[in-house]
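One line per chain: the protein sequences are A and B, in this order.
For what it's worth, the numbering used here labels the leading residue of the first sequence as -10, then goes sequentially.
For what it's worth, the numbering used here labels the leading residue of the second sequence as -10, then goes sequentially.
Backbone N, C-alpha and C define an ideal beta-carbon position, used for all residues, glycine too.
Before any comments, here is the structure.
There are 2 protein chains.
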Amino acid sequence: MNLTPLIQTFVLHFGEMGSRWGINRTVGQIYALLYVAREPLNADEIAEALGFSRSNVSMGLKELESWRLTRVQHKPGDRREYFSAPEDIWAIFRTLAEERRKREVDPTLSMLREALMQSVSGAEDQHAQKRMREMHDLIELTTSWFADVQKMEPKNLVSLMKLGARVQKFLEMKDKLKLVAGGKGPSA
Amino acid sequence: MNLTPLIQTFVLHFGEMGSRWGINRTVGQIYALLYVAREPLNADEIAEALGFSRSNVSMGLKELESWRLTRVQHKPGDRREYFSAPEDIWAIFRTLAEERRKREVDPTLSMLREALMQSVSGAEDQHAQKRMREMHDLIELTTSWFADVQKMEPKNLVSLMKLGARVQKFLEMKDKLKLVAGGKGPSA
DNA sequence: TACACTTTTCAGTAATTCTTGAAAATTCAA
DNA sequence: TTGAATTTTCAAGAATTACTGAAAAGTGTA
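Below you can see the structure in the form of structure tokens.
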């Protein structure tokens, strides 16, 4: 398979972008290709299209599988595995976010929690703990909020996003209601 | 300066995390140190604390400056520069998000826009454009929403986040109001 | 301007990460 | 069970990125 210039540009861009993240060029390019491909591709097709060795592609696909970003299927009378990216881009986005959380956020939160459990005496450490608590609270707040919001129906999520900062008006409304109801409200 | 075990753990963790992102270990460690430090530090203090060469620290600090993540100040009678991380962790978070957007999201959006301007004929390219449009729209929606939300007062932002998915109730309320008002509503 | 101090640059080396071909392992049909 | 097709592993080389010391450049004071 030969890439069209349009697809080539797209694929190369994600190769570059990949290296800015921890992801390597091969993996970025493979996923970009799967993302735009009309049909699932097998490893040989990918290797040929991108000019990577078969083994490199194999490793790249394994990496993508570990991120749960690919789907595998078979064709009748063909033993090779055919790979594709999910149809729904929101699903891709969600998976990416979840995996990053697992790999980066969760370990950081554990480290911070352990650090905050220690009772320390020096002024250096006391200050450090204060800073770590601020970080811990921010990360916990944003990730749990993100997890919450991600559970919403995409349709509702889109209308929330389109509302943008005007959501604030509704918050004010909520606060008024809370006031009227005598200070009762969400406990979180 | 000698790091306490508490701070050492924190610093090493962000060194590791840094390498998972595009950021290198040195830069991660330097910023972690500045973040928990009680007082601004000069380059020599940082180099000694982390065991890096002076020149490596200089490069790391330049990198952090390019991300607008550090503050520089001077002490009377001392010509050296003293570096610190902003007090407000929300400000740090915001800056980080803005810079990442500039460096990663904006170039991707331009690439996608250009790709979508082209008129293509083949079925491959038509499908690729459809996928690129989906990606473009998702990125545009999420980033403009994020930018919007970031303009909110931290206090309001926190209460939005604490509300979590229950924000949906308020959206439903909004939809009802829209309905009553005869379909009028936010235009975005 | 001269000088002491500080920061930056940069070429070379070290370390890490990527990529490959070949061999091993796996899978499935006969 | 055999054997062809396919995938995975892995050691070694290639490429990239990180790090250093030394030299250059910059800065402020006398």
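Check for me: the alpha helix (DSSP H) holding residue i runs from which residue to which?
i: D33 (chain A); result: 32 to 39
i: E87 (chain B); result: 78 to 89
i: R43 (chain A); result: 43 to 55
i: V0 (chain A); result: -6 to 9
i: R60 (chain A); result: Taken as a continuous stretch (DSSP letters only), R60 (chain A) belongs to no alpha helix (DSSP H), being part of the beta strand (DSSP E) at 60 to 64.
i: I12 (chain A); result: No alpha helix (DSSP H) contains I12 (chain A), which DSSP labels as neither H nor E.
Cβ of residue i within 8 Å of Cβ of residue j?
i: A104 (chain A); j: F3 (chain B); result: no
i: L53 (chain B); j: I19 (chain B); result: yes
i: M141 (chain A); j: A154 (chain B); result: yes
i: L130 (chain B); j: V147 (chain A); result: yes
i: L101 (chain A); j: T59 (chain A); result: no
i: L149 (chain B); j: V156 (chain A); result: yes
i: R9 (chain B); j: E93 (chain A); result: yes
i: Q(-3) (chain B); j: R83 (chain B); result: no
i: L(-5) (chain B); j: A117 (chain A); result: yes
i: R57 (chain A); j: E88 (chain A); result: yes
i: I128 (chain B); j: L85 (chain B); result: no
Could you tell me which chain A residues have their CB closer than 9 Å to the CB of residue i, listed as they occur along the chain?
i: A112 (chain B); result: R27
i: V109 (chain B); result: T(-7), L(-5)
i: R9 (chain B); result: W10, G11, R92, E93
i: A32 (chain B); result: Near A32 (chain B) there are no residues of chain A at all, since even the closest Cβ is about 19 Å away, more than 9 Å.
Strictly below 7 Å CB to CB, what residues from chain B border residue i?
i: R120 (chain A); result: Y24, V25
i: L49 (chain A); result: Sequence inspection shows Gly at residue 49 (chain A); the Leu mentioned does not correspond to that position. By Cβ distance, chain B contributes nothing, its closest Cβ being about 17 Å from G49 (chain A), past 7 Å.
Starting from residue i, trace the beta strand (DSSP E) both ways and give me its first and last residue.
i: R69 (chain A); result: 67 to 73
What does residue i touch in chain B if you count any residue whose Cβ is under 8 Å from its own?
i: E123 (chain A); result: I78
i: A104 (chain A); result: L(-5), T(-2), F(-1)
i: A36 (chain A); result: Chain B residues near A36 (chain A): none, gap ~18 Å exceeds 8 Å.
Residue i versus chain A: which residues are under 8 Å apart at the beta carbon?
i: L39 (chain B); result: What L39 (chain B) touches in chain A: nothing, since even the nearest Cβ is about 15 Å away.
i: L127 (chain B); result: I78, W79, F82
Residues of the stretch 131 to 157 of chain B in Cβ contact with chain A at a cutoff of 8 Å, in chain order, please. T131, S133, W134, D137, V138, K140, M141, N145, V147, S148, L149, M150, K151, L152, G153, A154, R155, V156, Q157
Sequence ranges, beta strand (DSSP E) only - wholly within the stretch 99 to 172 of chain B, length at least 3: none
Please list the residues of the stretch 53 to 74 of chain B that have a C-beta atom closer than 7 Å to any C-beta atom in chain A, keeping them in chain order. So nothing in the stretch comes that close.
Anything in the stretch -9 to 5 of chain B with a Cβ closer than 7 Å to a Cβ of chain A? List those residues in chain order, please. T(-7), L(-5), I(-4), T(-2), F(-1), H2
Would you list, in chain order, the members of the stretch 87 to 101 of chain B that have their beta-carbon closer than 7 Å to a beta-carbon of chain A? E93, T97, M100
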